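There are 2 protein chains.
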Amino acid sequence: MATLLKGAEAAKALTEKLAAKAEELKGKGVNPCLAIVRVGERDDDLSYERGAMKRCEKVGIAVKNVVLPLDVTQEALIAEIEKINRDSSIHGVLLFRPLPKHINDEAVRKSLDPAKDMDGITDGSLGAVYAGTKDGYAPCTAASCVEILKHYEIPISGKRVVVIGRSLVIGKPVSMLLLAENATVTICHSRSQNLAEICRQADILVVAAGKAGMVTKDFVSPGQTVLDVGIHVDAEGNMCGDTVFAEVEPIVDKITPVPGGVGSCTTAILASHVIDAAEKTLK
Amino acid sequence: MATLLKGAEAAKALTEKLAAKAEELKGKGVNPCLAIVRVGERDDDLSYERGAMKRCEKVGIAVKNVVLPLDVTQEALIAEIEKINRDSSIHGVLLFRPLPKHINDEAVRKSLDPAKDMDGITDGSLGAVYAGTKDGYAPCTAASCVEILKHYEIPISGKRVVVIGRSLVIGKPVSMLLLAENATVTICHSRSQNLAEICRQADILVVAAGKAGMVTKDFVSPGQTVLDVGIHVDAEGNMCGDTVFAEVEPIVDKITPVPGGVGSCTTAILASHVIDAAEKTLK
């Protein structure tokens, strides 16, 4: 039986630390505040928004909800973001994407002040994650992977990490974050040859392939830690990840469940970014 | 006997292609032009400058030399760069670094227009290399590695590349460039455990450790291609790389010599960036 790495436990520990920091900030006259910008009423967005608001409440972060209709113009959306950029009482922004097709994603991304970019979508954040500086924020899901490893005190430095996936949302940033923690990082993808063999050599396997059930027992070996970033709904209507949990779990040493794994820690990371941004206003 | 991958041969082939493009640009009224900005008279800089100027002459790129005294102020250096930014007859800039200690490197980097950044030093270029977009230029040495592989028609897609080194000048950018070519990329460094074993598993080994003679016969295996980015002077006063050439060459399939390998193609890459920047002015 593998140890289950529960995102909620890592999130709980982080939330307690953040609540203390929020208290301290308020004592200094800074009220940490997150703006959540949503276009339309997509179920996924609404569900994440509820989770983020609950987390912010626990930490002591105010939330300003900006909800725009599905047919909002690009200009109006950018105007809202620029208003937030100028508003010194707001420390960070979560913008739900993908945006409706009539809106140019890049133009909107570029309008956001990198200092308020809590989910690593601006070029400023991308560059900071790549360079390994503290001038930006990583995408919350990527940072959640690192937080879970640290919470469960899984050694990273010097270890072999294999990441399946090379997107700018997960694969690349989690690779850069773990490289900054001194892991030896291998980035794999759909064109990788001998993928299963490479994965079996990992100490830590991060699966962000976006393909349900892709990682079978052939991809893993005893002693490994597996972080499954995938979220899918299977034929029976149950949530599942990129790994075949029933096959993989008996072999490896530690694994994140889906649901309840990486995804359950992302709102705590979001809150930590807001607290960090609020703290920076004191410097 | 391993095949020697000669940078000069890759550079020659590239130079011919670029000369044709330069001719075409001139026919359209665009005279490609590179500014070389040098502070002081360091031998390494002077030697590279001579090579770059010769290459530009062969391609048909004009060079504007900006030479500043070692005690130039930061303000004066930035003023020169801003003048170049505004000068539409100059398409690209090569700035020699490291700069003297009284000058803030980051402030100078930030002053350069990313569109004219031929050696990948601005945040704009860093972000583009990381994101895999064509909006910036990679450091010339990193791009030189890829050019040599392509010139010698060494398969990259799907293959295992192991990179030793994680600097922003070589290790990280060459990793991102080879990932964009669909390689499976492992980034190693001084903290990596079992480094020799990991290196032996590579199809292509890129050595940018910055440590003379670090890669011995234990790090390689038959069939491999080795790119040695190191440049050092040994006890006898001869140039050498990061690999022990005499040990490694008999084992592997292909290897870049030092000197005459990766370093011999960098000025051709520099010229290709200038031609690319000049072509962009037509769009």
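Protein sequences, first through last, are from chains A and B.
In terms of the numbering used here, the first sequence opens at residue 1 and continues consecutively.
In terms of the numbering used here, the second sequence opens at residue 284 and continues consecutively.
All C-beta atoms in this analysis are idealised placements derived from N, C-alpha and C, irrespective of residue type, glycine included.
Only a predicted model underlies this, so the values are computations on that prediction, with no experimental measurement involved.
Check whether chain A comes within 8 angstroms of residue i, counting only Cβ atoms and requiring the distance to be less than that.
i	result
T469 of chain B	yes
S475 of chain B	yes
G513 of chain B	no
L409 of chain B	yes
A414 of chain B	yes
I481 of chain B	yes
L377 of chain B	no
L462 of chain B	yes
D406 of chain B	yes
Nearest chain B C-beta to residue i closer than 8 angstroms, yes or no?
i	result
G158 of chain A	yes
A2 of chain A	no
N182 of chain A	yes
Y137 of chain A	no
L168 of chain A	yes
K172 of chain A	yes
What would DSSP say about residue i, mapped onto helix, strand or coil?
i	result
N65 of chain A	strand
T267 of chain A	helix
T405 of chain B	coil
V149 of chain A	The question names Val, yet the displayed sequence has Leu at residue 149 of chain A. Helix, per DSSP.
K280 of chain A	helix
I154 of chain A	coil
K399 of chain B	helix
V412 of chain B	helix
I255 of chain A	strand
V545 of chain B	helix
V30 of chain A	coil
So residue i is in the alpha helix (DSSP H); what residue range does that whole segment cover?
i	result
A463 of chain B	G454 to A463
A294 of chain B	G290 to G310
V342 of chain B	D326 to V342
D105 of chain A	D105 to S111
A2 of chain A	Counting along the chain, A2 of chain A falls outside any alpha helix (DSSP H), and DSSP gives it neither H nor E.
E530 of chain B	F528 to V531
Provide the residue span of the beta strand (DSSP E) that contains residue i, from first to last.
i	result
L227 of chain A	T225 to D228
I36 of chain A	C33 to V39
R166 of chain A	Looking at the DSSP string, R166 of chain A is not in any beta strand (DSSP E), and its letter there is neither H nor E.
Using a Cβ-Cβ distance cut-off of 8 angstroms, determine whether residue i contacts chain E.
i	result
I386 of chain B	Absent from the structure: chain E. Protein chains present are A and B.
Item to check | At least 3 beta-carbon pairs within less than 8 angstroms: the segment 304 to 315 of chain B vs the segment 440 to 457 of chain B | outcome: no
Item to check | the segment 243 to 261 of chain A contacting the segment 500 to 512 of chain B, beta-carbon criterion three pairs below 8 angstroms | outcome: Contact fails: fewer than three Cβ-Cβ distances are below 8 angstroms.
Checklist entry - Do the segment 132 to 142 of chain A and the segment 214 to 221 of chain A meet, that is, are 3 or more Cβ pairs less than 8 angstroms apart? => result no
Next on the checklist: Ignoring anything shorter than 3 residues, give me the beta strand (DSSP E) runs that lie fully in the segment 471 to 526 of chain B, in order along the chain.
Outcome noted: 487 to 490 and 508 to 511
Item to check | 4-residue-minimum alpha helix (DSSP H) runs that sit fully inside the segment 356 to 380 of chain B, ordered along the chain | outcome: 357 to 369
Next on the checklist: For the structure I just gave you, are there three or more beta carbon pairs, one from the segment 240 to 254 of chain A and one from the segment 476 to 488 of chain B, closer than 8 angstroms?
Outcome noted: no
Next on the checklist: Quick check: the segment 5 to 13 of chain A against the segment 142 to 155 of chain A, are at least 3 beta-carbon pairs closer than 8 angstroms?
Outcome noted: yes
Checklist entry - Any chance the segment 488 to 495 of chain B sits against the segment 514 to 527 of chain B, with 3 or more Cβ pairs inside 8 angstroms? => result In short, these stretches touch, since the Cβ pair count reaches three.
Checklist entry - With a cut-off of 8 angstroms, do at least 3 Cβ pairs link the segment 51 to 60 of chain A to the segment 83 to 90 of chain A? => result no
Item to check | Contact between the segment 261 to 278 of chain A and the segment 400 to 411 of chain B (3+ Cβ pairs under 8 angstroms) | outcome: Contact fails: fewer than three Cβ-Cβ distances are below 8 angstroms.
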